[in-house]
Every structure is written in structure tokens, then in C-alpha cells.
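>
In our numbering, the protein residues as written are 813 to 1403.
As C-alpha cells, this is what we get:
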């Protein structure tokens, strides 16, 4: 099968068909290019998604990734990042192996097609020129034959006429002969041109056109083969990354299988274990005894003696216990002091002593004690241990630096031309000073750590030993107070004087707060953001919530508010929009 023999007369149709083939190839190139753009866009979106859910450095979110489930999720994000990389590889390979290759091939194909059809048109023009020459010689031969016939007829007419002179007859005869000669010459020329035209026409239809059409056919077949190979490459590019994508998916499965719920549960214990012991049993109080009693085994004295002598250092009632939630219902008959005080000592988040109040305020204001005394014992031990480890690493680093400087100094002493040994004295002294400072700091934290580790296993015994300073009648009460030294807010009250103060204060505590009137509202506020009041003395608010303001910001960044007349606490001033009542007592005027 050959286009040259089968389609010898379809030059124009072949020209249209080959142009259509090039259009198909360009359409396929456009398809692959759009596919590469989609792959790049998909890879970019996957990378952005993976980056979006990556834990932020030096944040609380990063600490959550110690759990195996979170680690598995982090591994999934990393595998998705690699998965996105494979789609980028697909895009790059398709661009280099298909798009760029085919675009270059299309340009070459257009040039080859243009050259072949140019040769075809040139052959057509040549055969058309030969045909025109043949037609011209044919018309000339026909004209000369007609002229020769007319000249012959004229000669015969003149020869038959007796009135014509002999000279005229001779002239007519010569003219007839001339015309006959011209006709013979035209005939010979026509015959020669006809033979040449037939030869050219045979070569055109049997040699030139078949050769040109054969080249066009081969060009078209190469185009078809090339587009088929490109489609195979298209599939191979995808197939090449399937094993790597499979490994990414296997990595996700492996990460999921590594999740250990027991380990995560243990981590929760390590993260939140306070080290406190559960409270002991509450002993029975016999109310059949006379109303006037001194101190039972589980209560503090209700005597009013000394009440006027100790009034919390002269502080106003509204300022002394700012974090205590008071019951605003009508006063009921007073319960025994032991019940009120036990509830006060055991309920969270109430403050147990002045040190607790001080540290609670420090927490509210964002200050963290250096010895981490604001934390429960177990968490404090972990923080101190981590601090000691960090300091030891710094000491080792400084020690290595000191050793390096010492070696360099020795080299300078042995080879003065390499440097001045005295130039290192200042740096060496500085490093030595840093080591000494770090060691002192390490000793300080190790002492705190030893104190915590010594307290954790025998805290109850220590409390009982400390409680021995009181008489037998107050033994149980003071023991309970000593056990509460390590309160949930991390406070430790070990001084004997504070325990004595607390015992006397407790006798006065019930009357002090039952007689206290609630602070009047000086305005209202609207919560701009949601605030989770997790620290003692704070209160949780929800965005858009309206509350009463009972104490404005004193410059520490906190505002005291009340909700529903029975719950109050502090919130950051920046979290609320305050509307103060200008007529309220103590309210400032804002312009």
C-alpha cells in the first residue's frame, strides 16, 4: 500500500490530513502540559496541607507530639510531604520526556511537511507548464495547417483562372509551398513537444508524485508512532513513582500500627501526676457534747479569743480573699467551724494560706518561681530534673570549650609564631567563670530536686513529725493542715509560725466572710475573646458574654468581674471591653 499509487490524485486531501495530524499532536501536547500543571498544583496543595498541620516550634502544640498517636499523625504529614514530592516528579518527567520532546518534534514535522508539499507543488507547476507548451504548439500547428490549406486553394484558383498572369500564379504557388512548409515545421514541433510532455507526465505520475507522497506517508506514520510512544511514556512516568508512593502509604500504615494506647496513657500519668496523696477519712464529730468545747481531733478552735489581734495584717475584707466564691443566698444557721474549715482546706481552687495567696497572685500575673514551687510535687520534680540535665549539658559544653582553649594555649606556648598565648587568657577566664556559675546554679537546682525527691515518698511522716509540736488535743487538726501544705496550686507551707497563724486565723475565718458584703458593680463588660481560666483566681468567659465589673484594672493587666452574683474572678483586661458606670463609687472617668 502506497499513497503514491493509491492517492496519486489526492494532493489537496493529503495536505489537509497531514495538517490535521499535526493539530492532533499539538492537542496532545496541550493535554500533557495541563496534566503537569495539575500535578504541580496538587503537590503544592499537599505540601501546604502538610505544613499547615505541622506542630509549631517552641509551642504547647509541639509538646503534644510526644504521644504515639500524635507521632503517627506527624509521620503521616511527613509521608504526605513525600507523596507530594512524587507528584512533582511526575510533572517534571512529563515535561522533560513528553512536552519538551514533542514540541521540538512538532517544529521538525512542520518543516518536513512544508518541504514535501513544496516539492509536490513544484512538480505540479512543472507538468502544468509542459501542458501549456503542448497546447501552444498544438494550436500553432492547427493554425499553420489551416493557412496552408487556404494557400493551396488560392493557388489552385489562380492557376485555373486564364485572366491571371503567370507571375501571379507563380507567386500563389510559392506562397502555398511556404505555408505547407510552415505546417510541416509546426507538425514536427508539436510532435516533439507532445512526446516530451508524455514523458514528463509519466515521470510525474509514476516517479515524482509517488516519491513525494511516499515521504509524506512516512512522515505521517512517524507522527503516529511518536504519539503512541508518548502515550506509553505518559503511563510509564506514572508507573515509575507507584513503588515510592506505595512506600509512603506503607509508612503511614506503619506509623498507625506504632500507636500504643498504653504508652500514651502512661505519658498522661507522667504529664499530670501531682504526687499528692488522696485525703484521709473524716472522723466523726459528736454533737452531743457540750456546745462549749475547745478543740476536737478533727476541728480547730472556734474561740473568738485573739480575733481582734489578728486581722490579716490590716487588709480590707474585699481585698484579702479575692478568689473565694461566696454563696450569696440568705444567711442560714452557721455550721460547725470544723465543717466550714475542712471544706475550705480541701476544696479546689480555694487558697489555703498567705503563701498560697501570694503565689496564686504571682500565677495570675504570669510570674513563674525559679524553683517551680507553683507546680505539684511530681511535676516540679520533672521540671527540676530537666533543668539539672540542661545545666549539665551546658557545663559539658563549656568544659569542652575550656579544654579546647587550653590546648590551643599550649600550642601557642610551644610555637609562639602561631599566636600569642596571653590573648587566650581573657577567654579562658570567661569560660571558667561561666562553668563556675553553671555549677553553682546546678547545685542550687539539685538541692531543690533532692528536697522534692525526699519529700515525695515520706510526706505523711514528715507532716506527722511536724504536727508533734502541738498538744494531743489539736493533733488531728494540725496533721490535716500539714498534709495540705502541698496544695494543688503548688504551695508549700513549712514554717511553724505560718501554721500557728493559720490555726488562729481559722477561728476567725467563719465570722469574717459570713459578715462580708459583696463588692458593688462599677460597670459592665463584654468578652471580646474566649478565655479559659485555668489558674487559681481566674474565671472562664465566652466570647460575647456580658458580665459585671467589680474591680477595674490596677495596672497589672487584670480586671475583676462577676457572673450571676455567685461567681467572680479575674480575666485579662485585653480580653474584655469595659463599660464603667461614671456614677459608681471608685469608677474613673474615661474620655
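Just so you know, even glycine gets a beta-carbon here, dropped at the ideal spot from N, CA and C.
Counting Cβ pairs, one atom from each stretch, are 3 or more of them under 8 angstroms apart for the stretch 982-997 and the stretch 963-970?
With a cut-off of 8 angstroms, the stretch 963-970 and the stretch 982-997 count as touching, because enough Cβ pairs lie within range.
> Would residue 1188 be called buried (16 or more neighbouring beta carbons within 10 Å of its own) or exposed?
Buried, by the Cβ-count rule.
> Per DSSP, residue 1383 forms a beta bridge with which residues?
The partner list for residue 1383 (beta bridge, DSSP) reads 1371.
> For residue 1392, which beta-bridge partners are listed by DSSP?
According to DSSP, residue 1392 bridges with 1335.
> According to DSSP, is residue 976 part of a helix, a strand, or is it coil?
Residue 976 falls in the coil class under three-state DSSP.
> So, helix, strand or coil for residue 813, using DSSP?
Coil, per DSSP.
> How far does the alpha helix (DSSP H) with residue 836 in it extend, from its first residue to its last?
That run of the alpha helix (DSSP H) goes 823-864.
> Mapping DSSP to helix, strand and coil, what is residue 1184?
Of the three classes helix, strand and coil, the one that applies to residue 1184 here is coil, per DSSP.
> What number of angstroms, rounded off, separates the C-alpha of residue 1203 from the C-alpha of residue 1369?
If you take the alpha carbons of residue 1203 and residue 1369, they lie about 33 angstroms apart.
> Could you give the distance in angstroms between the alpha-carbon of residue 973 and the alpha-carbon of residue 995?
Approximately 26 angstroms, taken between the alpha carbons.
> Only counting the same chain, and skipping five residues up and downstream in sequence, which positions put a Cβ closer than 7 angstroms to that of residue 837?
Closer than 7 angstroms at Cβ, skipping near neighbours: 914, 918, 1035 and 1039.
> Going by the beta-carbon positions, is the gap between residue 878 and residue 1061 smaller than 8 angstroms?
Taking 8 angstroms as the Cβ cut-off, residue 878 and residue 1061 do not qualify as a contacting pair.
> Start and end of the alpha helix (DSSP H) containing residue 1363?
Here residue 1363 belongs to no alpha helix (DSSP H); instead the beta strand (DSSP E) covers 1358-1363.
> Say whether the stretch 1208-1222 touches the stretch 1237-1253, bearing in mind that this needs 3 or more beta-carbon pairs closer than 8 angstroms, one atom from each stretch.
The stretch 1208-1222, when compared against the stretch 1237-1253, does touch it at the 8 angstroms Cβ threshold.
> Please check the pair residue 1383 and residue 1350, which I expect to be a contact at CB under 8 angstroms, by giving their CB distance rounded to whole angstroms.
The Cβ separation is near 7 angstroms, so the contact holds.
> Indicate the three-state DSSP secondary structure (helix, strand or coil) for residue 1135 in the structure shown.
Any reading at residue 1135 must be qualified, since the residue scores a pLDDT of 42, below 50, and its modelled position is unreliable; the value itself is stated next. Three-state result, residue 1135: coil.
> Enumerate in chain order the residues of its own chain whose CB-to-CB distance from residue 1447 is below 8 angstroms, with the five nearest sequence positions on each side excluded.
The requested residue 1447 does not occur in the structure, where the chain is confined to residues 813 to 1403.
> Can you tell me whether DSSP reads residue 1218 as helix, strand or coil?
Three-state DSSP puts residue 1218 in a helix.
> Kindly confirm or deny that the stretch 1254-1264 and the stretch 1228-1235 touch, where touching means at least three C-beta pairs closer than 8 angstroms.
Counting Cβ pairs under 8 angstroms, fewer than three are found: no touch.
> Using CA atoms only, rank isn't needed, just tell me which of 1190, 991, 1025 and 1096 is closest to residue 1087.
Per the Cα distances, 1190.
> Could you tell me whether the Cβ atoms of residue 1025 and residue 826 are closer together than 8 angstroms?
Taking 8 angstroms as the Cβ cut-off, residue 1025 and residue 826 qualify as a contacting pair.
> Taking DSSP's pairing of strands, which residues face residue 1353 in a bridge?
Partner(s): 1343.
> Is residue 1002 near residue 950, with beta carbons less than 8 angstroms apart?
It is a contact, given that the beta carbons lie within the stated cut-off.
> So, are the CB atoms of residue 852 and residue 892 less than 8 angstroms apart?
In this structure, residue 892 does not lie closer than 8 angstroms to residue 852 by Cβ.
> Could you tell me whether the Cβ atoms of residue 881 and residue 1071 are closer together than 8 angstroms?
Yes; because the gap between Cβ atoms is below 8 angstroms, this pair is in contact.
> Which class does residue 1232 belong to by DSSP, given the choice of helix, strand or coil?
Note: residue 1232 maps to coil in three-state DSSP.
> Using the Cβ count rule (16 or more neighbours within 10 Å means buried), how would you classify residue 940?
By the neighbour-count rule (16 or more Cβ atoms within 10 Å), residue 940 is not buried but exposed.
> For residue 998, I'd like the list of residues in its chain whose CB is within less than 6 angstroms of its CB, leaving aside the five on either flank, ordered along the chain.
Correct list, in chain order: 952, 953 and 956.
> For residue 1093 and residue 872, I'd like the C-alpha separation in whole angstroms.
Distance between the alpha carbons of residue 1093 and residue 872: 38 angstroms.
> If we count the other Cβ atoms within 10 Å of its Cβ and call it buried at 16 or more, is residue 1043 buried or exposed?
Residue 1043 is exposed by the Cβ-count criterion.
> Run through the stretch 1031-1104 for me and flag every whole alpha helix (DSSP H) of 4 or more residues, listed as ranges in chain order.
You should have 1073-1084.
> Per DSSP, what kind of secondary structure is residue 879 in: helix, strand or coil?
Three-state DSSP puts residue 879 in coil, outside helix and strand.
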